[in-house]
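S.K.: FYI, the numbering for the sequence shown is 5 to 292, going by this note's numbering.
C-beta atoms are modelled at their ideal positions from N, C-alpha and C, and glycine is treated no differently.
The model shown is predicted, which means the values in this text are computed figures rather than measured ones.
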Amino acid sequence: MKKYKAVFFDWDGTAVTSRTAPAEAAVSAMRPLLEKGVKLAVISGTTLENIAGGRIEEYFTKKQLENLYLGLGRGAYNYEFRDGTPYIFENKIPDQKTLLDIHRICFEIHVRLKEQYGLDTDIVFCRPNYCKIDLMADNLRGDHLFMQEDELHMLRRKLKNHGICRGLMELLELAVSIGKDYGIKVVPTCDAKYLEVGVSSKSDNVDAILGRISRESGIQAGDCAFWGDEYVGIEENIFGSDSFMRTGRTSAGDFFDVSEVSGQRPEGVKMVGGGVERFLEFLKGQGC
5 MKKYKAVFFD
15 WDGTAVTSRT
25 APAEAAVSAM
35 RPLLEKGVKL
45 AVISGTTLEN
55 IAGGRIEEYF
65 TKKQLENLYL
75 GLGRGAYNYE
85 FRDGTPYIFE
95 NKIPDQKTLL
105 DIHRICFEIH
115 VRLKEQYGLD
125 TDIVFCRPNY
135 CKIDLMADNL
145 RGDHLFMQED
155 ELHMLRRKLK
165 NHGICRGLME
175 LLELAVSIGK
185 DYGIKVVPTC
195 DAKYLEVGVS
205 SKSDNVDAIL
215 GRISRESGIQ
225 AGDCAFWGDE
235 YVGIEENIFG
245 SDSFMRTGRT
255 SAGDFFDVSE
265 VSGQRPEGVK
275 MVGGGVERFL
285 EFLKGQGC
């Protein structure tokens with residue numbers, strides 16, 4: 005097994021089964037690697053309070069924390085640890101005017117979908133740099149916030165029934181078009197249930213953290229592995245949120261998908277399946 009100098013990984017559905025699930029198995033697999041000096045980077049769309057109950061630093065020593073990074077909030081926050089405390093070394097938070105314009109863009113999308121297609125949606129506004137438009141408000145995920153197998157079929161059927169002939173691509177293009185009306189280059193993504201509209205993505209997280217560890221340790225993309233559970237294609241040329249970890253800067257790394265959802269993956273991503281257990285096995289193998 006190739007030994008990596010850095011491992012980037014999603015949290016929900018990759019390292020843990022849900023945000024409320026115990027984190028002990030994940031942190032136990034992480035400790036030996038951090039102790040050896042392997043860099044670990046959690047890349048997640050969520051915020052700090054949802055990673056190991058908001059107290060991930062309590063699981064590790066100060067020495068171990070020197071090798072841990074968090075890229076959170078869909079590009080918003082990039083953390084390192086200083087003296088055992090999380091510290092934002094780089095962020096991508098829009099100013100209030102831009103954030104409010106993102107809110108207006110999403111509300112316009114919501115209105116157009118209702119007026120033109122009779123499609124009801126909900127909007128989550130309380131994110132620091134984007135909004136989430138719930139395309140399937142009647143489909144509740146509960147604690148399992150990652151994409152489910154049947155959601156792809158449900159969404160395709162729902163969009164078709166409402167006359168959205170080109171599916172998600174039509175929605176992504178709508179978001180970009182309305183963003184231009186406000187002078188904002190939006191970055192829309194989708195995981196089937198949610199259309200997320202903001203100005204950054206996981207791409208910004210991985211590029212910022214790789215840049216940081218490269219400058220400090222000389223680690224390059226080819227020394228890194230990138231693990232997730234949402235790489236799968238939702239529609240042709242539209243992939244899940246973890247696909248945004250594959251950027252021009254990171255493309256020389258190795259990419260692995262633990263999801264068993266059927267479908268196309270981006271070029272260069274290896275489907276290994278096995279869910280959380282498979283990823284934790286990988287971490288344990290790296291620690292040997």
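With which residues is PRO90 paired in a DSSP beta bridge?
M.R.: Looking at the DSSP assignment, PRO90 forms a beta bridge with PHE85.
S.K.: Can you tell me whether DSSP reads PHE12 as helix, strand or coil?
M.R.: DSSP places PHE12 in strand when its eight states are reduced to three.
S.K.: Identify the continuous beta strand (DSSP E) that holds ASP246 and give its terminal residues.
M.R.: Where ASP246 is concerned, there is no enclosing beta strand (DSSP E), given that its DSSP letter is neither H nor E.
S.K.: Buried or exposed: GLY122, going by 16 or more other Cβ atoms within 10 Å of its Cβ?
M.R.: Its Cβ having fewer than 16 others within 10 Å, GLY122 is exposed.
S.K.: Check whether the Cβ atoms of CYS135 and ILE106 lie closer than 8 Å to each other.
M.R.: Yes. Within cutoff.
S.K.: Using 8 Å for Cβ pairs, my map puts THR51 next to LEU76. What's the rounded Cβ distance?
M.R.: So it is a contact: roughly 6 Å between Cβ atoms.
S.K.: Am I right that PHE283 and PHE13 are in contact with their C-beta atoms under 8 Å? What's the rounded C-beta distance?
M.R.: Sure, about 7 Å apart at Cβ, within 8 Å.
S.K.: Return the CA-CA distance between ALA45 and LEU74, expressed in angstroms with no decimal places.
M.R.: Approximately 5 Å between the Cα atoms of the pair.
S.K.: Since ASP258 sits in a beta bridge, which residues does DSSP pair it with?
M.R.: Its beta-bridge partners are ALA229.
S.K.: Quick test of the definition: if touching needs 3 or more C-beta pairs under 8 Å, does the segment 108-115 touch the segment 77-94?
M.R.: Judged by Cβ distances under 8 Å, the segment 108-115 makes no contact with the segment 77-94, as fewer than three pairs qualify.
S.K.: For VAL20, which of helix, strand or coil comes out of DSSP?
M.R.: Here VAL20 sits in strand by DSSP.
S.K.: Would the beta-carbon of ALA304 fall within 8 Å of that of ASP258?
M.R.: Because the chain here runs from 5 to 292, residue 304 falls outside it and cannot be looked at.
S.K.: Taking buried to mean at least 16 other C-beta atoms within 10 Å of its own C-beta, is HIS157 buried or exposed?
M.R.: Exposed, by the Cβ-count rule.
S.K.: Here's a check: name, in chain order, each residue in its chain whose Cβ is nearer than 7 Å to the Cβ of ILE97, leaving out the five neighbours to either side.
M.R.: Once the five neighbours on either side are set aside, the close Cβ partners of ILE97 are ALA80, PRO132 and ASN133.
S.K.: Consult DSSP for GLU62 and reduce its assignment to one of helix, strand or coil.
M.R.: In the structure shown, GLU62 sits in a helix (DSSP, three-state: H, G or I).
S.K.: I think ILE238 touches CYS194, with their Cβ atoms under 8 Å apart; what is that distance to the nearest whole Å?
M.R.: Yes, ILE238 and CYS194 are in contact; Cβ-Cβ is about 6 Å, under 8 Å.
S.K.: Once you ignore the five residues that flank PHE295 on each side, which residues in its own chain have a CB closer than 6 Å to its CB?
M.R.: Nothing in the structure corresponds to residue 295, since the chain is present only between 5 and 292.
S.K.: Thinking just about the alpha-carbon of each residue, which of LEU139, LYS40, THR102 and PHE85 is nearest to the one in ARG59?
M.R.: Closest option to ARG59, Cα to Cα, is PHE85.
S.K.: Could you give the DSSP three-state label for ASN95: helix, strand or coil?
M.R.: The answer is strand: DSSP assigns ASN95 an E or B state.
S.K.: Alpha helix (DSSP H) containing GLU239: first to last residue?
M.R.: First-last for GLU239: 237-239, but that is the beta strand (DSSP E), not the alpha helix (DSSP H).
S.K.: Can you grab the Cα-Cα spacing for the pair PHE286 / GLN120, in whole Å?
M.R.: Rounded to the nearest angstrom, the two C-alpha atoms are 48 Å apart.
S.K.: Taking DSSP's pairing of strands, which residues face ASP185 in a bridge?
M.R.: Partner(s): none; ASP185 has no beta bridge.
S.K.: Go to GLU28, then tell me how far its alpha helix (DSSP H) extends in each direction, as first and last residue.
M.R.: 28-40 is the extent of the alpha helix (DSSP H) around GLU28.
S.K.: Per DSSP, what kind of secondary structure is ALA179 in: helix, strand or coil?
M.R.: ALA179: helix per DSSP, three-state reduction.
S.K.: In the DSSP assignment, what residue or residues form a beta bridge with ALA45?
M.R.: The partner list for ALA45 (beta bridge, DSSP) reads PHE12 and TYR73.
S.K.: Please classify PRO192 as buried or exposed, where buried requires at least 16 other C-beta atoms within 10 Å of its C-beta.
M.R.: By the 10 Å Cβ count, PRO192 comes out buried.
S.K.: Since ALA256 and ALA225 should fall inside the 8 Å C-beta cutoff, what is the C-beta to C-beta distance between them, to a whole number of angstroms?
M.R.: The pair is a contact, with the Cβ atoms about 4 Å apart (cut-off 8 Å).
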